[in-house]
Structures are given as structure tokens and as C-alpha cells.
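Worksheet for the structure shown next.
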Amino acid sequence: MIKSYETVNRNEDSVTFGISRMEEIYEKHQGKVDEPHRHNFYTVLLVKTAKGKHLIDFKEFELRANQVFFISPGQVHQVVEDEMSVGYSMVFSADFLVQNNIPLRFIEDLHLFNDYGNTPPLNIEIDKMASLTDLAEQMLSYYLGSDNYKYRAIGALLSLFLIQCNNLCDQPNNLQIVEAGNAILKEFKVLVDSHFTKWHATNKYADLLHITSDHLNRTVKNLMGKTAKEYIQSRIIVGAKRMLYFSDSSIKEIAFELGFQEPSNFNAFFKKCTGLSPGEFRNK
13 MIKSYETVNR NEDSVTFGIS RMEEIYEKHQ GKVDEPHRHN FYTVLLVKTA KGKHLIDFKE
73 FELRANQVFF ISPGQVHQVV EDEMSVGYSM VFSADFLVQN NIPLRFIEDL HLFNDYGNTP
133 PLNIEIDKMA SLTDLAEQML SYYLGSDNYK YRAIGALLSL FLIQCNNLCD QPNNLQIVEA
193 GNAILKEFKV LVDSHFTKWH ATNKYADLLH ITSDHLNRTV KNLMGKTAKE YIQSRIIVGA
253 KRMLYFSDSS IKEIAFELGF QEPSNFNAFF KKCTGLSPGE FRNK
């Protein structure tokens, strides 16, 4: 089974936001690497200096200086540090957003979270890193203090932090396209997450969205750099990898659970997408 953290604070369920220095987390765990796990909340890592790797949904990214990682609820990840990292780890739940009048749509509109199969870090220039670090330090100061409305202040700072990150990765000449396709992309992601185990074809999702498959593919491609079909396949592969790694189900059982009529079709699909057979992935 996958190790899961359901609440932001394991000792107090009512806490919906947390922020810590990465170096303090490293010292607390004495440098011991945590096993792959997932959270039922959002996680943001602002990395000032680091050496190691960060695995997100079984894809490996170099852990180094001047990065920001965005991990969505449900994503499996593991930070492997070769030495103590310096930076900030921020965690917040959907409840925190609601409590501080931040609509969930705001998070969805930013496109910083929820890209199955490809969640690379945002690489930051040094001058921009100083601004993000200042915002993180202010959030930490409020978090450790006892000021009135401290969580409202943190919510405002968090919103500004995410907006600045979004502005660093948005292409200005694509803003009009992003705005026009936002609603379609959000609905498409929700549908894929709910139905990827039974619907593998793009036209199923296009029909529910009342648009053509070509329109859906163009929209997803413009906003995410991959087609709708590639996004669906990424979601299936992530689901397959999680089951192969964390469950004792047979490959045949996993194939049926993911909507494949024949295990041989699942084997061929998995190998085409990953370069390994399901059995080779599990053994590796």
C-alpha cells in the first residue's frame, strides 16, 4: 500500500496550512530518506540550494538550486537528498483555500499543479528567487507568530507567491489562448481523473465536453504541450505504475482494473509508453 498523509498536521487535524525550512526537516529526520508517499493536500517546495533527486509519479528530476516544485493531492513523490537542502516546504489543503476566500478555481487557473506523468520543477533566475524567498520568509514569520488574522495574511502571501510563479512560466503571447481554453482543460482533467480506467479514447471526453476531438486536442496541446490522447495515456501509466509498485495485484488484475480487455494489450501499451514491460518495471 502507498503511504499516505491525509492531513497537513498529523497531530492536529484542524490545521490546514504548514510551512517549514527544508534544513530543519532534514535535521529532524537525521537525513533519512522517506519512502515514496502521497499527500491529500498541496505541497510546494521552494529550493534555494540542494543536491539529489526528486521522484514524482516515478519520474526523476534533478534536485538542485533555484527551483520550485508543485505536488498535487494524490501524486506519489519522494525527495532523495545527497546533502542537506536549504529552502522551504509549504503544505496547504483545499480547506485552507476556502477558509481564506481563495477559490479552488484560482489554483486550477494557474496550471502549476496536476500534470500527470510530467511535473518538472520551475527553474528560477536568481533575482526572481530573492522575491519568492522573501514571500516564503514572511509566511513562515506569520505562521510562527500569533498575530491576529495571521492565516488571512498567509493566504494573501501564498496567493502572491503562486501568481509570481505562474507569471514566470506563462508565455505572454499565449495568454489569450490560455484564457479561452481554461474551462475546457479544467473539465477535461476532472473527467480523465474520474474515467481513465474505462475510457481511453479522446472522443469519449470530447463528447462529454460537447466539442470535437480535434478541438480538444488543439486546446490541450496549446496549454500543456501534449495532446489530449497523450494526457490520457500519462494518467493511465501513472495509475499502472502505482499499482505495480504498491500493490500485490497480478499484472492481469491490473490490466482489467485499468480497462484493458486483454492483458497482452496492457503489456504492449505499457512497454510502448515506458520502454519496459509491466513485469520488468515491477522487478526493477
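First residue of the sequence shown: 13, per the numbering used here; consecutive thereafter.
Backbone N, C-alpha and C fix where the C-beta goes; we use that ideal spot for every residue, glycine too.
How about the stretch 102-119 and the stretch 49-62: do they share at least three Cβ pairs that are nearer than 8 Å?
Touching, per the Cβ criterion.
From residue 84 to residue 40, what does the alpha carbon distance come to, in whole angstroms?
Roughly 24 Å between the two C-alpha positions.
Going by DSSP, what residue range makes up the alpha helix (DSSP H) through residue 57?
Where residue 57 is concerned, there is no enclosing alpha helix (DSSP H), although the beta strand (DSSP E) it sits in stretches over 54-61.
Residue 163 Cβ short of 6 Å to the ligand MN heavy atom set:
Of ligands this structure carries none, so the ligand MN is not represented either.
Option in 249, 32, 204 with minimal Cα separation from residue 59
When only C-alpha atoms are compared, the closest one is 32.
Spatial neighbours of residue 144 within its chain, please: CB distance less than 8 Å, with the 5 preceding and 5 following residues excluded, ordered by chain position.
Only 58, 80, 136, 173, 176, 177 meet the Cβ criterion.
Judging by CA-CA distance, which residue of 146, 157, 75 is the nearest neighbour of residue 132?
Across the set 146, 157, 75, the C-alpha of 75 shows the shortest separation from the C-alpha of residue 132.
Between which residues of its own chain and residue 94 is the CB-CB distance below 7 Å, once the five residues before and five after are set aside?
Cβ neighbours of residue 94 beyond the five flanking positions: 63, 64.
Which runs of the beta strand (DSSP E) at least 3 residues long sit entirely within the stretch 216-291? Give them in chain order.
Taken in chain order, the complete beta strand (DSSP E) segments of 3 or more residues contained in the stretch 216-291 number zero; there are none.
Bridge partners for residue 67 per DSSP, in chain order?
Partner(s): 72, 90.
So for residue 49, helix, strand or coil by DSSP?
In the three-state reduction of the DSSP assignment, residue 49 falls in the strand class.
What is the DSSP secondary structure of residue 134, reduced to helix, strand or coil?
Assigned with DSSP and collapsed to three states, residue 134 falls in strand.
Residues bridged to residue 33 by DSSP?
Answer is 100, bridged to residue 33.
Figure out for me which residue from 262, 271, 275, 153 has the closest Cα to the Cα of residue 30.
Residue 30 has its Cα closest to that of 153, out of 262, 271, 275, 153.
Run the CB neighbour count on residue 112, radius 10 Å, all protein chains shown included, and call it buried at 16 or more, exposed below.
Result: buried.
Could you have a look at residue 4 and say whether DSSP puts it in helix, strand or coil?
Outside the displayed range of the chain (13 to 296) lies residue 4, so it cannot be described from this structure.
Please classify residue 70 as buried or exposed, where buried requires at least 16 other C-beta atoms within 10 Å of its C-beta.
Classification for residue 70: buried.
Is DSSP giving residue 83 helix, strand or coil here?
Three-state DSSP puts residue 83 in a strand.
Beta-carbon separation of residue 240 and residue 229 under 7 Å?
Yes, Cβ-Cβ distance for residue 240 and residue 229 is below 7 Å.
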